[in-house]
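In the numbering used here, each number is its position in the sequence shown, counted from 1, plus 3.
No residue lacks a Cβ here, since even glycine has one placed at the ideal position from N, Cα and C.
Treat the numbers as computed from the prediction; the structure is a model and nothing was measured.
Here's the structure, in structure tokens; my notes come after.
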Amino acid sequence: MLWTKGLVLAMMTMAGLQGAVAAVAVAKSDFGKLPDGKTVEAYTLKNADLEVKIAAYGARIVSLKTKDRDGKIADVVLGYNSVEGYVAEGTAKTYFGAIVGRYGNRIRGGKFTIDGNHYEIPQNNNGNALHGGPHGFDEQLWTGHEIPNGVEMSLLSKDGDMGFPGTLGVHVRYTLEGGALHIDYTATTNKPTVTNITNHAYFNLSGEGSGTILDEVLELNADAYTPVDAGLIPVGGPQPVAGTPFDFRKPTPIGARIDQPNEQLKIAGGYDHNWILNGPNGTMKLAAKLYDPKTGRVLTVSTTQPGVQFYSGNFLDGAYKGVSGVAYAKNTGLCLETQHYPDSPNQPAFPSTLLKPGETLHTETIFAFSTQK
Numbered sequence: 004m005l006w007t008k009g010l011v012l013a014m015m016t017m018a019g020l021q022g023a024v025a026a027v028a029v030a031k032s033d034f035g036k037l038p039d040g041k042t043v044e045a046y047t048l049k050n051a052d053l054e055v056k057i058a059a060y061g062a063r064i065v066s067l068k069t070k071d072r073d074g075k076i077a078d079v080v081l082g083y084n085s086v087e088g089y090v091a092e093g094t095a096k097t098y099f100g101a102i103v104g105r106y107g108n109r110i111r112g113g114k115f116t117i118d119g120n121h122y123e124i125p126q127n128n129n130g131n132a133l134h135g136g137p138h139g140f141d142e143q144l145w146t147g148h149e150i151p152n153g154v155e156m157s158l159l160s161k162d163g164d165m166g167f168p169g170t171l172g173v174h175v176r177y178t179l180e181g182g183a184l185h186i187d188y189t190a191t192t193n194k195p196t197v198t199n200i201t202n203h204a205y206f207n208l209s210g211e212g213s214g215t216i217l218d219e220v221l222e223l224n225a226d227a228y229t230p231v232d233a234g235l236i237p238v239g240g241p242q243p244v245a246g247t248p249f250d251f252r253k254p255t256p257i258g259a260r261i262d263q264p265n266e267q268l269k270i271a272g273g274y275d276h277n278w279i280l281n282g283p284n285g286t287m288k289l290a291a292k293l294y295d296p297k298t299g300r301v302l303t304v305s306t307t308q309p310g311v312q313f314y315s316g317n318f319l320d321g322a323y324k325g326v327s328g329v330a331y332a333k334n335t336g337l338c339l340e341t342q343h344y345p346d347s348p349n350q351p352a353f354p355s356t357l358l359k360p361g362e363t364l365h366t367e368t369i370f371a372f373s374t375q376k
């Protein structure tokens, strides 16, 4: 693999600080071929703290390597060695590491209305539309190009794609800054449409293939969450987390209450819910903090989005073997998907996901990695 320097940052100019910030190297390589014969490119971003590989198929994170408290490096996201692994999942998709859209999460019945016009997305999850329908952004071959400190992935989703109105131009920028991976999303449309774009990485801070995430300690910056019905669609409006197994305002092991006789946990087989983040929509704020006592790795998630979907990997069933050759069983990875709330197009009380011509959708999420003793 041929490495090229994406950018060498200038000397620090802040008073009292000296020295240079380490460069981010960017390398492009082949990641396999799609069934139609097209080659999928991957971009590996590397600095002194992180090494992240982004594949053009689904604009997905396929690996993320970082150090533990003893300096040992491990890949902390679930995934495969080549694009063939992702394609082989067929319709039983995990969405490992992918950008999901045009509307991430669920829309009831796949139906919504804009300005009196009715639209319908093909149903692919218990009578609902999940992650943009059966052939969403996760299945698309994005166009990548190197940018300072990282890579930009671009996609043009045409009017009528999976039933959504408007031609949507989407750009997702992955960049490294020290121990942090920044994901910057922008989108524009030529017709009013709805959109909710996020990344679906599964994390295991002990390292992929190392066992479950149930001992990892989670903190969520949320006083409320959105309970769901049997189809995992929010019902009844936001509810306080206080006094429930959904209260992660203080650091709590994920497995501490996951088996409690709670109806919401039974519906989802664990955690698969949207938490309403404290702080105004559109401003950068803490979403989550995850700590692995075994390795000392810490993941801090910040975002401009109004919510985060915490999913505890309930539907992983050992059917797929990842990079290490170990089967991904239940709870062997978790997702922290920064997002708008599920089914927002049908729930006027939720923050709007409507995007109009002349507007630019812009959101940002930061996954920052560190260690503690």
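For residue j and residue i, the rounded distance between their alpha carbons
i: Leu-81; j: Leu-48; result: 17 angstroms
i: Gly-139; j: Glu-222; result: 30 angstroms
i: Ala-330; j: Phe-313; result: 22 angstroms
i: Asp-73; j: Ala-51; result: 15 angstroms
i: Thr-7; j: Leu-133; result: Note that Thr-7 scores a pLDDT of 42, beneath 50, so its modelled location is shaky; the value from the coordinates is reported in the next line. Approximately 38 angstroms, taken between the alpha carbons.
i: Gly-336; j: Tyr-205; result: 5 angstroms
i: Gly-163; j: Ala-352; result: 27 angstroms
i: Asn-334; j: Asp-39; result: 34 angstroms
i: Asp-232; j: Ala-26; result: 48 angstroms
i: Thr-366; j: Asp-141; result: 18 angstroms
i: Met-4; j: Pro-151; result: With a pLDDT of 41 at Met-4, under the threshold of 50, the modelled position of that residue is not reliable, and the figure given next carries that caveat. Rounded to whole angstroms, Met-4 to Pro-151 spans 19 angstroms at the Cα level.
i: Leu-235; j: Phe-318; result: 13 angstroms
i: Tyr-177; j: Pro-237; result: 31 angstroms
i: Trp-145; j: Leu-158; result: 5 angstroms
i: Thr-255; j: Lys-324; result: 29 angstroms
i: Ser-373; j: Gly-112; result: 41 angstroms
i: Gly-273; j: Asp-262; result: 7 angstroms
i: Gly-9; j: Ser-160; result: Caution is warranted here: a pLDDT of 42 is assigned to Gly-9, below 50, making its placement in the model unreliable, and the coordinate value is therefore given only provisionally. Looking at the two C-alpha atoms, the distance is approximately 28 angstroms.
i: Pro-360; j: Pro-354; result: 19 angstroms
i: Gly-22; j: Gly-153; result: Confidence is the limiting factor: at Gly-22 the pLDDT is only 33, short of 50, which leaves the residue's position unreliable, though a coordinate-based value still follows. Between Gly-22 and Gly-153, the C-alpha separation is close to 22 angstroms.
i: Ala-167; j: Thr-196; result: Just to set this straight, residue 167 is Phe in the shown sequence, not Ala. Each residue's Cα considered, the two are about 7 angstroms apart.
i: Val-11; j: Thr-286; result: Caution applies to Val-11, whose pLDDT of 33 falls short of 50 and renders its modelled position unreliable; the value that the coordinates give is listed next. Cα to Cα, Val-11 sits roughly 29 angstroms from Thr-286.
i: Thr-94; j: Gly-246; result: 38 angstroms
i: Gly-212; j: Thr-97; result: 15 angstroms
i: Tyr-344; j: Gln-375; result: 32 angstroms
Cβ-Cβ distance between residue i and residue j below 8 angstroms
i: Ile-257; j: Ser-315; result: yes
i: Asp-78; j: Val-301; result: no
i: Ile-110; j: Asp-346; result: yes
i: Leu-358; j: Thr-198; result: yes
i: Lys-292; j: Asp-218; result: no
i: Tyr-60; j: Tyr-89; result: yes
i: Asn-129; j: Gly-136; result: no
i: Gly-214; j: Thr-192; result: no
i: Asn-281; j: Ala-322; result: no
i: Gly-147; j: Glu-44; result: yes
i: Ala-371; j: Thr-303; result: yes
i: Tyr-294; j: Val-220; result: yes
i: Ala-62; j: Val-244; result: no
i: Asn-265; j: Pro-248; result: yes
Supposed contact pair residue j and residue i - C-beta distance, whole angstroms, cut 8 angstroms
i: Ile-216; j: Asn-207; result: 5 angstroms
i: Asn-349; j: Phe-115; result: 6 angstroms
i: Leu-53; j: Leu-184; result: 6 angstroms
i: Ile-76; j: Lys-70; result: 6 angstroms
i: Glu-180; j: Val-29; result: That belief does not hold up - the Cβ atoms of Glu-180 and Val-29 are roughly 14 angstroms apart, past 8 angstroms.
Nearest neighbour of residue i, chosen from the options [CA to CA]
i: Asp-363; options: Lys-194, Lys-376, Asn-349 and Thr-306; result: Inspection of the sequence shows that residue 363 is occupied by Thr rather than by Asp. For the residues Lys-194, Lys-376, Asn-349 and Thr-306, the minimum Cα distance to Thr-363 belongs to Lys-194.
i: Met-165; options: Glu-123, Pro-230, Phe-99 and Gly-299; result: Glu-123
i: Asp-187; options: Glu-155, Asp-218 and Gly-212; result: Glu-155
i: Gly-239; options: Tyr-228, Pro-248 and Tyr-294; result: Tyr-228
i: Glu-92; options: Thr-368, Asp-320 and Ser-373; result: Asp-320
i: Gly-328; options: Gly-107, Val-220 and Gly-210; result: Gly-210
i: Gly-182; options: Leu-67, Thr-356, Ala-62 and Tyr-344; result: Leu-67
i: Ile-369; options: Phe-251, Asn-202 and Ala-245; result: Asn-202
i: Asn-277; options: Gln-342, Tyr-294 and Arg-252; result: Gln-342
i: Lys-41; options: Gly-119, Ala-28 and Gln-143; result: Gln-143
i: Phe-251; options: Asn-284, Gly-212, Thr-189 and Val-311; result: Val-311
i: Asn-284; options: Ala-271, Ser-32, Pro-309 and Gly-299; result: Pro-309
i: Ser-85; options: Asp-275, His-121, Gly-299 and Leu-37; result: Leu-37
Which full runs of the beta strand (DSSP E) of 3+ residues lie inside the stretch 147 to 197, going along the chain? 153 to 160, 171 to 180 and 183 to 192
Starting from the N-terminal side, write out each stretch of the beta strand (DSSP E) that is 3 residues or longer and does not extend beyond the stretch 25 to 96. 27 to 36, 42 to 49, 53 to 58, 63 to 70 and 76 to 78
Please go through the stretch 202 to 272 and give each complete alpha helix (DSSP H) segment of 4 or more residues, from N-terminal end onward. 266 to 271
In chain order, which continuous runs of the beta strand (DSSP E) of length 3 or greater are located wholly inside the stretch 103 to 145? Taking only runs of at least 3 residues, the beta strand (DSSP E) segments lying wholly in the stretch 103 to 145 are 114 to 117 and 120 to 123.
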